[in-house]
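For the sequence shown, the UniProt record's numbering assigns the number 338 to the last residue and increments by one with no breaks. Take a look at the structure set out below.
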Amino acid sequence: MPSFFFNTDEFNKRYRVSRTLGTGSFATVKVCTLKEDKNVQRAVKIMNLLTMKAEDAEALETEMQILYDMDHPNIVKLYETYRSKKNVYLVMELMMGGEMFDRIVEKEHYEESMARRDLISIAKALEYCHKQDIVHRDLKPENLLYSDETNDAVVKLADFGLAKVCKEEPFMKTACGTPGYVAPEILQGDKYDFKVDVWSFGVIAYILLCGFPPFYHPNNAELFRQIKRGKYEFPSPYWDDVSQDAKDFINFMLVTNPVERPTISEVLQHKWLQGDANSNLTGNLDKLREYNATRKFKNAVNGIKAVARMRKSLAGGDHAADISAAVTASGKKMATVP
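Structure, rendered in structure tokens:
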């Protein structure tokens, strides 16, 4: 058992659990309040080991190991972990502001400076990760959260389940990520490094500026062909009001050859992030709302399919012992995402 686990009795002594924030196939997130200071609220993610697939358990362990050493204002903080025979409790920073895209689509006015502010925060989080020899490998809207509901809330990077420490092995081979955001070298089956995060960051930047992704097709095989080709456009009228510096910023990152693609530190020095171009992008909010709704629907459908697969696998026997072993083991290979 990793040394960073505490017994759940300690959790119950330290925290009072209240309302539920969300429930998934094998996890529930609740608000917990520090008993010795009622002003301190955190989120506790309670994960059921008995219904968790082995690869999910491995991802959970990796996430805990990585997050424990993280300390950055733009990365969701993991405070403590607790474990019982059937559950793991992750006590984390409470993020009440919701997903980044969800918040943006609620705006009535939107401009480049707003996109720039959030992108700088994300890039700084990635730069910190890369300097710690960590590749996130799953940068997407669901993993970008606002700290609270205020207008000046900070956006933070979350979910390190597919992250990889690559200090001793600078190049990786495991296929992972999310369709639409995955880098071409991963799809090619080539060895890859930190620059896969830069590609995903470029895709998110493109969406924030115009409201839709640079590569899209309902069929993943065709989507992957588009990504590997790396050809995209700035279609009118959605890009008409976007500054030339912002377009250059996108071109700077969405380069199919990772050798020619910049590092995240070089991205942070780009003139658009350093500048003050502030075109009005309010007209693109409808496209972003449409994309966000489609994304949410697709995620819901995929979630239903995942639950069905899980139930089918569990019907074949009790895997609790194997799953528990995966959570407490170390150095396992990362789960592959198709």
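Note that CB positions come from ideal geometry on N, CA and C, so glycine has one too. Please read all numbers here as calculations on a predicted model, not as lab measurements.
Next on the checklist: Under 8 Å, with one C-beta from each stretch per pair, do the segment 49-60 and the segment 103-118 reach the 3-pair mark?
Outcome noted: Output reads no: the segment 103-118 does not touch the segment 49-60.
Checklist entry - Residues bridged to Q41 by DSSP? => result DSSP, once it has assigned bridges, lists T33 as partnering Q41.
Next on the checklist: List, from N- to C-terminal side, the beta strand (DSSP E) runs of 3 residues or more that fit wholly inside the segment 118-168.
Outcome noted: Whole beta strand (DSSP E) segments, 3+ residues: 144-146 and 155-157.
Next on the checklist: Please report the straight-line C-alpha distance between N74 and I207, rounded to a whole angstrom.
Outcome noted: A straight line joining the alpha-carbon of N74 with that of I207 spans about 20 Å.
Item to check | Proximity below 8 Å, CB of T67 to CB of F160 | outcome: Correcting the residue type first, residue 67 is Leu in the shown sequence and not Thr. Annotated as proximal: L67 and F160, with beta-carbon spacing under 8 Å.
Next on the checklist: To the nearest angstrom, how far is the alpha carbon of M95 from that of W239?
Outcome noted: Cα to Cα, M95 sits roughly 32 Å from W239.
Item to check | Within the segment 203-247, ranges of the alpha helix (DSSP H) (whole runs, at least 4 residues) | outcome: Secondary structure in the segment 203-247: the alpha helix (DSSP H) runs of 4 residues or longer, each lying completely within the stretch, are 220-229 in chain order.
Checklist entry - Buried or exposed: which applies to H109, given that a residue is buried once 16 or more other Cβ atoms fall within 10 Å of its Cβ? => result By the C-beta density criterion, H109 is exposed, having fewer than 16 other C-beta atoms within 10 angstroms.
Checklist entry - What is the DSSP secondary structure of N257, reduced to helix, strand or coil? => result For N257, the secondary structure class from DSSP, reduced to helix, strand or coil, is coil.
Checklist entry - Who are the near neighbours of N220 in its chain, counting only those whose CB is closer than 7 Å to its CB and skipping five residues on each side? => result Within the same chain, Cβ atoms closer than 7 Å to the Cβ of N220 are found at P179, the five residues on either side in sequence being excluded.
Checklist entry - Straight-line CA distance for S25 to V88? => result Rounded to the nearest angstrom, the two C-alpha atoms are 14 Å apart.
Checklist entry - Counting only beta-carbon atoms, is L285 nearer than 8 Å to chain D? => result This model lacks chain D altogether, as it is built from one protein chain only.
Checklist entry - Going straight from the alpha carbon of Y82 to that of T8, what length do you get? => result If you take the alpha carbons of Y82 and T8, they lie about 5 Å apart.
Checklist entry - Quick one: what's got a C-beta closer than 6 Å to H319's C-beta in the same chain, skipping five residues either side? => result Residue confidence is low: H319 scores 34 on pLDDT, short of 50, so the model does not pin down where it sits. Its coordinate-derived value is still stated next. If we look at H319 and ignore the five residues flanking it on each side, it has no Cβ neighbours.
Checklist entry - What residues match up with L50 in a beta bridge as DSSP calls it? => result Its beta-bridge partners do not exist; DSSP assigns none.
Checklist entry - Based on the DSSP secondary-structure assignment, which residues constitute the bridge partners of G97? => result G97 is not bridged to any residue.
Checklist entry - Would a C-beta distance cut-off of 8 Å place R261 and W199 closer than the cut-off? => result Taking 8 Å as the Cβ cut-off, R261 and W199 qualify as a contacting pair.
Checklist entry - Which of the three DSSP states, helix, strand or coil, is assigned to T8? => result Helix.
Item to check | Buried or exposed by the 16-neighbour rule on C-beta atoms within 10 Å, applied to E99 | outcome: The Cβ neighbour count for E99, taken over all protein chains shown within 10 Å, is at least 16; the residue is labelled buried.
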